[in-house]
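Notes follow the structure.
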Amino acid sequence: MSDHDIDPTSPRMAPKPEVTKIDGRELKPSTLMMGYGYDPVLSEGSLKPPIFLTSTFAFPSAADGKRHFEGITGKRPGGADGLVYSRFNAPNQEILEDRLSVWDGAEDALSFSSGMTAICVLMLAYASQNDVIVHSGPLYAASEGFVAKVLAKFGVTYVDFPAGATREEIDAVLAKAKAQADEQGGKVCMIYLESPGNPTNALVDVEAVRASVDAAQLDCPIAIDNTFLGPLWQRPLDQGADIVVYSLTKYVGGHSDLVAGSIAGAKKWMDPVRMLRNTMGGICDPNTAWMLMRSLETVELRMNRAGENAAKVCDFLAQHPKVEGLGYLGMIKDARQQDIYDRHCKGAGSTFSLLLKGGEAECFRFLDALKIAKLAVSLGGTETLASHPASMTHLSVAEGRRAELGISDNLVRISIGIEDPDDLIADFTQALEAV
Ligand SMILES: *Cc1c(COP(=O)(O)O)cnc(C)c1O
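Using my numbering, the first residue of the sequence shown is number 27, and each one after it goes up by one.
This is the structure in structure tokens:
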């Protein structure tokens with residue numbers, strides 16, 4: 027027996043119970059991120075989880091193999107109670123999913139190879155032929171495209187409503203969707219929200235949507251893309267959403283070095299999606315899952331700093347003579363939007379739109395002059411990014427629809443990072459001078 031071998035009969039080999047409370051005090055997510063869901067004893071004492079590069083898992087016995095497959099195939103409720111095959115699940119992804127659940131107060135979470143894989147598998151799991159999806163607008167362009175172009179191939183239609191709609195307006199939209207579903211011979215299969223909307227930061231009243239869905243007695247989940255404010259500044263499950271959706275590529279990953287996605291919610295809502303993920307694949311890979319666990323240890327620090335920086339930068343920009351306006355949640359002008367913000371959000375985030383006096387030419391001069399902020403799409407990373415939605419992320423959106431969504435030619439989208447705030451202000455000062 028070599029020095030590093032552990033005597034399997036030693037009490038040191040016994041896995042420790044998960045600690046989520048001390049003397050009745052619930053531990054905070056930022057504390058749990060360092061160890062929750064992982065016991066070093068099971069991996070040679072390795073403080074950090076090893077990356078499990080394996081496609082398949084050995085069963086202790088044939089009977090165990092049978093039992094695991096009964097869980098995977100749904101023959102026995104409760105899912106798999108052991109690992110089977112890496113398309114279904116694996117240790118790094120399971121630990122990641124446990125930790126993601128903690129942030130949103132969810133019972134269960136599923137990880138995916140991208141935000142869009144999460145969204146597509148989620149929608150496919152719930153939509154049947156001739157169903158209707160109700161969604162807020164604007165959505166992330168690829169999400170909107172998946173509903174309007176891909177699901178349309180299977181006879182699924184949609185009804186959309188503007189973010190910020192009132193309870194009465196949402197009631198009317200649901201009535202219209204129900205009538206449309208009846209006519210098609212299907213059902214309303216999902217309410218899909220995105221709040222705040224990109225790039226205008228318009229908020230959806232999730233509490234009003236919950237009340238409307240309950241009043242209409244619709245038996246379908248309310249899902250919400252929480253990429254812009256989650257997991258720190260908004261917990262939509264607390265406002266009555268059933269499923270929270272993330273592009274982990276953004277604030278959660280936070281270093282602009284990976285692509286991944288997730289969904290979280292009650293087990294009953296996750297199960298159909300898990301079954302389809304088992305069939306299709308699309309689970310996050312172990313290396314990316316490991317990087318995300320690294321990222322989750324600092325997500326609160328990073329988001330807090332980025333949020334504080336954004337507040338300082340926006341204070342500066344709001345006073346600048348070349349600035350026409352800001353779409354920043356810390357400076358809402360509309361009473362209805364402020365009311366939603368006060369009920370739903372714990373922070374204003376660090377992604378906002380900057381409206382310059384002028385049009386595309388002025389925006390391009392500003393973007394080309396930036397020295398610290400990089401000219402790139404995406405958001406939520408440690409570095410500050412700036413882009414021009416009308417000519418980049420939303421170029422494929424028809425001009426009329428773009429105007430309707432408030433995506434004007436003089437709009438620059440900015441995602442503030444964790445740099446020194448005064449350095450960022452110096453950069454924006456000189457770039458505005460160049461306009
Ligand atoms: C980026 C993004 C997505 C898509 O996520 P990927 O990880 O790029 O697939 C979906 N929704 C929102 C709001 C996003 O910002």
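All residues carry an ideal CB built from backbone N, CA and C; glycine is no exception.
Confirm, please, whether the CB-CB distance from residue j to residue i is below 8 Å.
| i | j | result |
| --- | --- | --- |
| Glu262 | Met216 | Correcting the residue identity first, residue 262 is Pro in this sequence and not Glu. No, the Cβ-Cβ distance between Pro262 and Met216 is not below 8 Å. |
| Met59 | Arg125 | yes |
| Val239 | Asn252 | no |
| Thr377 | Phe254 | yes |
| Asp453 | Leu396 | yes |
| Pro415 | Arg391 | no |
| Ala189 | Val158 | no |
| Pro222 | Ile433 | no |
| Leu399 | Ala387 | One detail in the question is off: residue 399 reads as Ala in this sequence, not Leu. No, the Cβ-Cβ distance between Ala399 and Ala387 is not below 8 Å. |
| Ser154 | Lys276 | no |
| Gly385 | Asn436 | yes |
| Leu381 | Gly351 | yes |
| Leu318 | Val278 | yes |
| Val214 | Leu258 | no |
| Thr419 | Ala228 | no |
| Asn118 | Phe78 | yes |
| Gln206 | Thr183 | yes |
| Val185 | Val160 | yes |
| Ile121 | Pro55 | no |
| Phe172 | Ile145 | yes |
| Gly141 | Ser273 | yes |
| His346 | Leu458 | yes |
| Ser81 | Tyr111 | yes |
| Glu220 | Ile269 | no |
| Ser288 | Phe138 | yes |
| His370 | Val461 | no |
| Leu431 | Pro164 | yes |
| Gly100 | Met301 | yes |
From the DSSP secondary-structure annotation, give me the bridge partner or partners of residue i.
| i | result |
| --- | --- |
| Thr82 | Tyr111 |
| Arg193 | DSSP, once it has assigned bridges, lists no residue as partnering Arg193. |
| Gln260 | Cys371 |
| Lys202 | Lys202 is not bridged to any residue. |
| Lys147 | Here residue 147 is Val; the residue named in the question, Lys, does not match the sequence. DSSP output for Val147 lists no bridge partner at all. |
| Val438 | Leu380 |
| Ala135 | Ala290 |
| Asp251 | Glu220, Val271 |
| Lys400 | Leu411 |
| Arg51 | Ile48 |
| Val214 | Val158 |
Note the first and the last residue of the continuous beta strand (DSSP E) segment covering residue i.
| i | result |
| --- | --- |
| Tyr354 | Unbroken run through Tyr354: none, as it is neither H nor E. |
| Thr183 | 183–188 |
| Ile159 | 158–163 |
For residue i, report the span of its alpha helix (DSSP H) as first-last.
| i | result |
| --- | --- |
| His281 | Looking at the DSSP string, His281 is not in any alpha helix (DSSP H), and its letter there is neither H nor E. |
| Gly266 | Looking at the DSSP string, Gly266 is not in any alpha helix (DSSP H), and its letter there is neither H nor E. |
| Val239 | 232–241 |
| Asn330 | 312–345 |
| Asp394 | 386–395 |
| Thr455 | 447–459 |
| Leu122 | 117–130 |
| Ile77 | Premise fails: Ile77 is in no alpha helix (DSSP H) and is neither H nor E. |
| Ile309 | From DSSP, Ile309 is part of no alpha helix (DSSP H); its letter is neither H nor E. |
| Ile98 | 88–98 |
| Glu430 | 425–430 |
| Ser178 | Checking the sequence shown, residue 178 turns out to be Ala, not Ser. Careful: Ala178 lies outside any alpha helix (DSSP H) and carries neither H nor E. |
| Gly171 | 167–171 |
Compute every distance between the C-beta of residue i and the non-hydrogen atoms of ligand 3, then say whether any falls below 7 Å.
| i | result |
| --- | --- |
| Asp297 | The model depicted lacks ligand 3 and carries ligand 1 instead. |
Can you tell me which residues fall inside 7 Å of ligand 1, judged by beta-carbon distance to its nearest heavy atom, and keep chain order? Per the Cβ criterion, the list is Ser140, Gly141, Met142, Thr143, Ile145, Tyr166, Ala168, Ser169, Glu220, Asn224, Asp251, Thr253, Phe254, Ser273, Leu274, Thr275, Lys276, Val285, Ala286, Gly287, Ser404, Leu405.
Taking one C-beta from the region 276–285 and one from the region 314–324 each time, how about it: are there three or more such pairs within less than 8 Å? The region 276–285 vs the region 314–324: in contact.
Stretch pair the region 61–75 + the region 94–113: three plus CB contacts closer than 8 Å: no
Taking 8 Å as the threshold, find out whether the region 325–341 comes into contact with the region 428–443 through three or more Cβ pairs. yes
I'd like to know if the region 130–141 and the region 293–312 are in contact, where contact means that at least 3 CB-CB pairs between them fall below 8 Å. yes
Contact between the region 297–308 and the region 341–348 (3+ Cβ pairs under 8 Å): no
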